[in-house]
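Just below is one structure, and these are the notes that go with it.
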Amino acid sequence: MLGTLVRKEITETILDMRFWVVTVLFLILIPLGMYVSRKDYERRLANYQQEHQMYRQHYGKDVGPDVEAQGFRPPSMLSIFALGLDPFMPDKAITSRSGLVRAAKEPGINNPESLLFGKADYLFNVSFIVSLAALIFTFNRISGERERGTLRLMISGSIRRGEILLAKIVGNYIVLLVPFVIAFLAALIILNTSSAISVWSSGLWFALLVIILITLLFILAMVSLGICVSALTHGSMASIMMLFLVWIMGVLGIPKISPMIAEAVYPIESRNVVDLAARIAREDIEGEFNKKREELFEKCCTEFGTTWEDIAVEPRTDAEKQAYAKYDREVLALDSECQKRVANAIRKLEQDYRNRRNIQASLAVNLSRISPVSCYTYLISGLAGTGPAEPDKFTENAERYQEQVKAAIYDNWVVKTYRMGEPRPNIRVRQTEGFDQSKASVPDMRYEYTTIGEALRAGWIDILLLFVFNILFFAVAFWRFNKYDVR
Amino acid sequence: MLKTIITSEFLNNILNLRFIIGLVLCVIITVACIIILSHDYRQELADYNLRVNLQDEFLSNYSHRGSLFLMIRPQKPPERFRPLIIGIPGKENSKSFDDNPLPILFPPLDFLFIVTIIMSLLAILFSYDAIAGERQSGTLRLVIANSISRTKILFGKFVGGAASLLIPFILALLVGVLYINLNPNIQWDGSAWAELALLTAASITFITLFYLLGLMVSAFSRCSATSILNCLFLWILLILVIPNMCPYISAQLNRIPSIKEIERQEEEITRACIELVGQREKELVKKFESNYGKLFSEFESMEFGGVLDDVEPKNREAAQQRAAADPEFKAMMNAFRDELKQTKAPIWRIKAEQTNKLWENIETKAAAQTKLAKNLACISPFANFVYVARDLTGTGLGSLDYFERTKVEYGKLYAPYVGKKVQDAEKNDPTFTWDSFLDLSDRPRFVFKEEALKDKLGEVLPYWGILVLFNVVFFVAAFARFMRYDVR
Amino acid sequence: MKMIEIEELTKRYEDGVLALDHVSYSVEPGEIFCLLGANGAGKTTTINILLDFIPPTSGSASINGHDCNKFPLKAKRYVSYVSENVQLYGMFTARQNLAFFAELAGKKGLKKKDYDNVMRTVGLPEKALSMRLKHFSKGMRQKLGIAIALLKDPPAILMDEPTSGLDPTSAQEFLAQLQRLRERGKAILMTTHDIFRAKIIADRVGIMKQGRLVAIRERQDFKHADLEDIYMHEMEAAETV
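Line order of the protein sequences matches chains V, F and A.
Each residue of the first sequence is one higher than the one before, starting from 5 at the first, in our numbering.
Each residue of the second sequence is one higher than the one before, starting from 12 at the first, in our numbering.
Each residue of the third sequence is one higher than the one before, starting from 2 at the first, in our numbering.
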């Protein structure tokens, strides 16, 4: 019985004009979107390679004590599927001797129009267009049959209502999948023809498999939702109004409103404020310590009978040598304390800010999970390395790079400051033993994106929710359809 | 007669489920949106004031010469239409992306969203069965059986239907405007209200455009089901697909080299110039060697006294001493220095010219690409309306450019002020160095003024015109088809 | 003076189907003309041409002397239309539906008693005036359709299968209605399958087959004979031609 129903559903749907419209839509948009995204990725990759190359050419050998090494972030290959946060993420990490690494973004002649529009990637196509198509496909499958009178005929036979419902979901899902899968395969072919990408490379095909599986789950959820809408309404007009409501609120409204509500409920100050506060804190602390250093130097000088005005950069007399030696010993403590205080102050500010921001972000994310589109977006962008977790990942990578550069370069220089200010700052620099400046070079940043495993682990709740949505929509449809007035 | 049709269409829509749903949706979303955005605006305003104050504080306490130009960064206050329309993050804010990554994944809800997505869909839902639906229910036959011209019928449907559609919109807008008016944090002057009026008019143009689209598709369809499908398909094309494809298409059609390419080219030029300078220097040295002979060799042994490069102080001093003692030596040294400057100057000038041309070139190309993208997108009424709305209210790319221009103007005021300050300080205090503190408390302050309304209007009129054109085209098409529409 | 005049009316569709083939007849004021025929014989096409829903290929149709194709707006001023199976405006009440179509018909200043009268005339209770159309039964809708036509009070009335689906009582009331209209001098052109009722009420009967008017019979011809027999006979005769 179920088989008959499914077959009839499939046949009826294929003959419907909607099927052809949707097929054309998918076959054009998904490969086209993939092509556009691929070209964009190639452009970003080329930029990254050029930048990296130029940097190595000019600064690769610059291993001085105060060098600010730059580590570059390559674009994630999967960002072709979901551009997500990529255009807004920093491109490079810049280390510094003081221990703080900062992020920077290359100014680009981005096509500014793409700030206004310019979403054509796979994620956009599926979460907006495919979801709308799935709803258009199914929104009046039940209410329409009721209007035509065929529902009465079906129910008058000895068929369980649950079977009818299941057959509708299964039949429509199968028919909707055919154009989608074909379009997806066409998109994969387009992807493969790029010189920069090979679909068969080790990580990539597994990621693609995960992406398509999650997408299929999502499409099933939308089909169930459409059938649910159809079972909740009694005529085409009411069905279409409900479809309108559901799509606006579920696909567009909820994901957009959640961050706004989170911001309203738990506001935090902007990044600029934190940066400025950090800068001021540092200036204050360093000013304090500069004064202390000067005092110490004066003390050492007077102790050995000279004055700091007479003393030169290289000690000449014995007294001066002794003064310098004592200062060298004692200033170490000051230096490290200064560094520690600065680092602590800034780290505390950053940590506070990040904590608060994370609370707000997770509030927004959890609120938005009411919509299956949000869950889907988080999953796909997380897999693509362009999701909400990426900024923190960048910080992780940047800090690791800072450690790397510290071990390779900064630790090999000993820098002593004797006097800041007038007339000239008195700084002496010395290399440690074993460090050959001519042979050393600036290390590269090895950027690690979130792995598929990590993304899936982080996204388990979204996957679970997608399953729950499927079950929920079917359950509601089932409950309403059992009471449905078929006359 | 016409009035009868208008009233009937109007009433029919009002009594329909779609009106209630449209009304509720519009009002609730607008209210929620305005409340949240006003709150954001308050935040941003506070943030802005904080930044300005921090900057002031910093300059008062830490303004040593080295950091003068670093710290004086003119800040852009939040746009006054921020409670309605969310602006585009400027270049300055791109550093602060990690404020909240979510708004990038899901662009937020604002007035633009309400008009372009919700109202356009609602318009289609109001009009998709205006003709096909009445045909199916048989009432179209009854109406045509009377002596009323089809023109009047179509026009009456348009006016009545659009009027019923605009009610939820206007109501929602009124509520929003009331809230803005009552809110003490949002100060709007006359020009802001004028802009709002214009924005409303533009929105109405956009909404009626989609109503006419539905009407047109209805006139081309035999039954409502086909009509709504075609309408939704066109909606997806016009709103979701075309505007998003255009930037990419224009980038393909109008390729520009990346910044890295240009930097590399710049470096080539610099390197070539440096080589050339080196050559000229060598030639000059040879020439002087042959002219001055032994005198010049002596000069050479002192590493040219620092004229060519930075050298050790002892050589520089030696050369100075020799020049002071021997007038011939001094003449030769001066001649050498002068001729060197003469040969170098044109080379550096050419380098500057070439690099400038390089950058200008790419800027014009980029501008051309942006223009192409913008014009391509005009196929979609969505893009046109976004341009109109954003440029009218100062929340678009145009306003960012305008801000950059005002910054440049300010720089013209600030730079001479600072220069004079430094000059004065150096005159008064001979120990004035890089780290010395400067008192800048009387500096010119940066005050942001909105662009004049008539300038903005001029920018915006062509795009608005396109929207009007769409209206006309859709109506004419609907009209032509309806004249021959089979009412049976 | 002929109120409704059909002269050599021909209609051939784009796909070649000949819906009307040189049909000629007329309807005078105070006359009820019933058009009989199978489905697809061209009955509805005639009415569609009279109401300018479609243009004729050749020949003419006119109402009160005005050609329906050349001066449709003038012609339609004199005619009222009762269609089968019209949903009317579901969200409007009966009164609103009546008012709307009356206004379209150019009738201004109708008062409550005019509405009450017309409802009573067609046999609908007055309280139905404030009921929404979507709650009306099929029979009630038919009656309201007739009420709409009556409110316009034109000299000619076109009816397309007006008794289809009516229960016997309602159909009987409808015939009484037609009688009153005839007494007021209206010219009525009615298409129907209902031979039984056509025999009772018609002054003349036209039998159409495949676009041709194969027979016209006056009342006296079928008053005492079996109209059904005549009908079947004419249909078979037409077949052999």
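Quick reminder that beta carbons are idealized off the backbone N, C-alpha and C, glycines included.
Owing to the predicted nature of the structure, the values given are computational and were not obtained by experimental measurement.
{"query": "Sheet register partners of Cys35(A) (DSSP bridge)", "result": "Met191(A), Val206(A)"}
{"query": "Start-to-end residues for the alpha helix (DSSP H) that takes in Gly148(V)", "result": "145-152"}
{"query": "Phe293(V) and Leu338(V) closer than 8 Å at C-beta", "result": "yes"}
{"query": "Pairwise C-alpha distance: Pro473(F) and Leu10(A)", "result": "54 Å"}
{"query": "Beta-carbon proximity list for Pro79(V), same chain, < 7 Å, skipping 5 on both sides", "result": "Tyr45, Arg48, Leu49, Tyr52, Asp90"}
{"query": "Cross-chain neighbours of Val498(F) in chain A, by beta carbon under 7 Å", "result": "Phe54"}
{"query": "Any C-beta of chain F under 8 Å from that of Ala171(V)", "result": "no"}
{"query": "Below-8 Å beta-carbon distance, Phe231(F) vs any chain V residue", "result": "no"}
{"query": "Arg142(A), buried or exposed, once every other Cβ within 10 Å from all chains shown has been counted against 16", "result": "buried"}
{"query": "Outcome for Ser171(A) when other beta-carbon atoms lying within 10 angstroms are tallied against a minimum of 16", "result": "buried"}
{"query": "Length of the line joining the Cα atoms of Val40(V) and Ser269(F)", "result": "17 Å"}
{"query": "Within-8 Å CB hit, Asn372(F) to chain V", "result": "no"}
{"query": "Straight-line gap, Gly146(A) to Leu182(A) (C-alpha atoms, nearest Å)", "result": "15 Å"}
{"query": "Under 8 Å from the C-beta of Arg275(F): neighbouring residues of chain V", "result": "Gln54, Met58"}
{"query": "Lys106(F) versus Leu70(F) - alpha carbon distance", "result": "With a pLDDT of 45 at Lys106(F), under the threshold of 50, the modelled position of that residue is not reliable, and no figure is offered here."}
{"query": "Integer-rounded CB distance, given that Ile149(A) should sit under 8 Å from Asn98(A)", "result": "7 Å"}
{"query": "Reduced DSSP secondary structure (H/G/I, E/B, other) of Glu426(V)", "result": "Residue placement at Glu426(V) cannot be trusted, given a pLDDT of 49 that sits under 50; what the coordinates show is reported in the next sentence. Three-state result, Glu426(V): coil."}
{"query": "Below-8 Å beta-carbon distance, Glu229(A) vs any chain F residue", "result": "no"}
{"query": "Residues near Glu6(A) by beta carbon distance below 6 Å, same chain, minus five either side", "result": "Ser27, Ser63"}
{"query": "For Phe76(V), the residue or residues it bridges with in DSSP", "result": "Lys96(V)"}
{"query": "Contact under 8 Å by Cβ, Ala268(V) with Leu367(V)", "result": "no"}
{"query": "Lys460(F) and Asp402(F) closer than 8 Å at C-beta", "result": "no"}
{"query": "CB contact below 8 Å: Lys271(F) versus chain V", "result": "yes"}
{"query": "Beta-carbon proximity of Trp493(F) to Ala230(F), cut-off 8 Å", "result": "The residue you asked about is not Trp; residue 493(F) is Phe in the sequence shown. Taking 8 Å as the Cβ cut-off, Phe493(F) and Ala230(F) qualify as a contacting pair."}
{"query": "Buried versus exposed, by CB contacts within 10 Å (16 or more), Tyr414(V)", "result": "buried"}
{"query": "Residues of its chain near Pro94(F), where Cβ-Cβ distance is below 7 Å and the 5 sequence neighbours each way are ignored", "result": "Ile45, Leu48, Ser49, Tyr52, Ile191, Ile197"}
{"query": "Cα-Cα separation between Asn104(F) and Thr41(F), rounded to whole angstroms", "result": "The predicted position of Asn104(F) is uncertain, since its pLDDT is 46 and thus under 50; a value taken from the coordinates is nonetheless stated next. So the two alpha carbons sit approximately 27 Å from each other."}
{"query": "Proximal residues to Phe307(F) (C-beta, below 6 Å), its chain only, five neighbours per side dropped", "result": "Phe299, Glu300"}
{"query": "Buried/exposed call for Lys224(A), threshold 16 Cβ in 10 Å", "result": "exposed"}
{"query": "Reference Gln211(A); option with closest CA among Leu130(A), Tyr232(A), Val24(A), Gly41(A)", "result": "Gly41(A)"}
{"query": "Partner residues on chain V for Val252(F), Cβ-Cβ distance less than 7 Å", "result": "Leu33"}
{"query": "7 Å CB neighbourhood of Arg282(F) in its chain, flanking five on each side removed", "result": "none"}
{"query": "Expected contact under 8 Å - CB spacing of Thr17(V) and Asn144(V) to nearest Å", "result": "That belief does not hold up - the Cβ atoms of Thr17(V) and Asn144(V) are roughly 12 Å apart, past 8 Å."}
{"query": "Classification of Asp70(V) by the beta-carbon crowding that lies within 10 angstroms, buried from 16 upward", "result": "exposed"}
{"query": "Local Cβ density within 10 Å of Lys382(F), reported as buried at 16 or more and exposed below that", "result": "exposed"}
{"query": "Length of the line joining the Cα atoms of Asn24(F) and Ala100(A)", "result": "17 Å"}
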